[in-house]
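Enquirer: Residue numbers (this note's numbering): 50 to 258. The beta carbon of each residue, even a glycine, is placed where N, CA and C say it ideally should be. Please find one structure pasted underneath; my questions will follow.
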Amino acid sequence: MAFTVAIDGPAAAGKGTIARAVAAHFGFSHLDTGLLYRAVGMATLDAARGVIDENMAVTMAKTLSETDLARDDLRSARAGQAASKVAAIPEVRSALLKFQQDFARREGGAVLDGRDIGTVICPNAEVKLFVTASDAVRAQRRFAELSATNPALTVAQVAGDLAQRDARDAERAIAPLQPADDAELLDTSTLSIAAAIQSAIATVQKRLK
Ligand code: C5P
């Protein structure tokens, strides 16, 4: 059985946590599509001496390997910024399209989280969720994640980084961050992790019946 759950939303809204939990609950496979763009971004910075060179980014997207995806610095703010720059290049997005679409239709069900899953990658997904949270809550959450390994970090720095990335993602010409018309909105600002997960599971359960 193929069954696709598309989860989109801005950075640090909780979509990764929700996607992982939904996948585990139903025994579906999970793909964090942001990781693909982060890997392309970091591979490009390495190959092009610290700059996002467009041609290099396209080459990296076309030749993305398991090793690129396994590096341990993909969760950093630098990788997030690099990702949102390469993600605005149409040829980078098209090079990653088939892999994501094949993943979405694999046997046994799949959950994909990202920015354009419900709008571009899987417009026919059985379930579409758009996960949001206030700017302040998202900054606090990402700060809690990153400050463990970077004690000098401030909440204001994290908030600035998220705002810059959100603007780039929402304003780009191709596959901008926006809810699909038929997506269910899930605002996690005042929800506990457990409550947010429960709500997403209930939505999927309804559609499975
Ligand atoms: O979700 P995450 O923060 O890891 O995504 C990193 C960046 O990758 C985003 O800011 C966005 O620019 C890009 N992205 C995208 N489309 C996706 C997933 C991520 O453009 N489906």
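1. Pick helix, strand or coil for Ala55, following the three-state DSSP scheme.
2. Measuring alpha carbon to alpha carbon, tell me which of Ala51, Pro228 and Gly90 ends up nearest Ala110.
3. Find the nearest neighbour of Gln130 within the set Ala72, Gly65, Gly209 and Arg256, judged by alpha-carbon distance.
4. Around the Cβ of Val100, are there at least 16 other Cβ atoms within 10 angstroms (buried) or fewer (exposed)?
5. Just to confirm, is the Cβ distance from Leu226 to Asp57 under 9 Å?
6. Quick one: is Arg87 buried, meaning 16 or more other Cβ sit within 10 Å of its Cβ, or exposed?
7. Going by Cα to Cα distance, which pick from Gln150, Arg214 and Gly167 is closest to Ala137?
8. Cβ atoms of Ala185 and Gly63: under 9 Å apart, would you say?
9. Check whether the Cβ atoms of Val259 and Arg142 sit closer than 9 Å, and answer yes or no.
10. Take Val204 and list the residues in its own chain whose beta-carbon comes closer than 7 Å to its own, dropping the five residues that flank it on each side.
11. Nearest to Leu146 by alpha carbon, out of Ala224, Ala128 and Leu202?
12. Since Gly167 and Ala232 should fall inside the 8 Å C-beta cutoff, what is the C-beta to C-beta distance between them, to a whole number of angstroms?
13. In this structure, how does DSSP classify Leu234 when only helix, strand and coil are distinguished?
14. Under the three-state reduction of DSSP, which class applies to Ser183: helix, strand or coil?
15. For Ala159 versus Val54, is the C-beta spacing smaller than 9 Å?
16. For Asp218 and Arg164, which I take to be in contact (beta-carbon distance under 8 Å), what is that distance rounded to the nearest angstrom?
17. Roughly how many whole angstroms lie between the Cα atoms of Pro139 and Ala106?
18. Please tell me whether, using a cut-off of 8 Å, the distance from the CB of Thr82 to the nearest non-hydrogen atom of ligand 1 is below it.
19. For the region 63-138, which segments carrying the alpha helix (DSSP H) assignment without a break, of at least 4 residues, lie completely within its bounds, in sequence order?
Expert: The short version:
1. To locate residue 55, count along the sequence shown from 1; it is residue 6. DSSP places Ala55 in strand when its eight states are reduced to three.
2. As a working mapping, residue 110 is identified with position 61 in the sequence shown. Checked all of Ala51, Pro228 and Gly90; the closest Cα to Ala110 is Gly90.
3. Translated into the one-based positions of the sequence shown, residue 130 becomes position 81. Selected option, being the one with the closest Cα: Gly209.
4. The residue labelled residue 100 in the question sits at position 51 within the sequence shown. Exposed: under 16 other Cβ atoms inside 10 Å.
5. Stepping through the sequence shown from its first residue, residue 226 is reached at position 177. Stepping through the sequence shown from its first residue, residue 57 is reached at position 8. In contact: Leu226 and Asp57 (Cβ atoms closer than 9 Å).
6. Walking along the sequence shown from the start, residue 87 turns up at place 38. So Arg87 ends up on the buried side.
7. Locating residue 137 in the sequence shown gives position 88, where the first residue counts as 1. Minimum Cα distance to Ala137 is reached at Arg214.
8. As a working note, residue 63 is residue 14 in the sequence shown. As a working note, residue 185 is residue 136 in the sequence shown. Contact flag unset, no.
9. With the chain covering 50 to 258 only, the question about residue 259 has no answer from this structure.
10. Taking the first residue of the sequence shown as 1, we reach residue 204 at position 155. The residues are Ala188, Gln189 and Phe192.
11. Counting from 1 along the sequence shown, the entry for residue 146 is found at position 97. Leu146 has its Cα closest to that of Ala224, out of Ala224, Ala128 and Leu202.
12. The residue given as residue 167 occupies position 118 in the sequence shown. The residue given as residue 232 occupies position 183 in the sequence shown. Right, their Cβ atoms sit about 5 Å apart.
13. In the sequence shown, counting from the first residue as 1, residue 234 sits at position 185. DSSP places Leu234 in strand when its eight states are reduced to three.
14. Numbered from 1 along the sequence shown, position 134 holds the residue referred to as residue 183. Reduced to three states, the DSSP call for Ser183 is coil.
15. Along the sequence shown, read from residue 1 onward, the residue named residue 159 stands at position 110. Along the sequence shown, read from residue 1 onward, the residue named residue 54 stands at position 5. Yes. Within cutoff.
16. In the sequence shown, residue 218 corresponds to position 169, counting from 1. In the sequence shown, residue 164 corresponds to position 115, counting from 1. Right, their Cβ atoms sit about 6 Å apart.
17. Here residue 139 refers to the residue found at position 90 when the sequence shown is read from its first residue. Here residue 106 refers to the residue found at position 57 when the sequence shown is read from its first residue. If you draw a straight line from the Cα of Pro139 to the Cα of Ala106, it is about 11 Å long.
18. On the sequence shown, position 33 is the one that residue 82 refers to. Within the cutoff, so yes.
19. As far as the region 63-138 is concerned, its whole alpha helix (DSSP H) runs of at least 4 residues are 64-75, 82-96, 103-111, 115-119 and 126-135.
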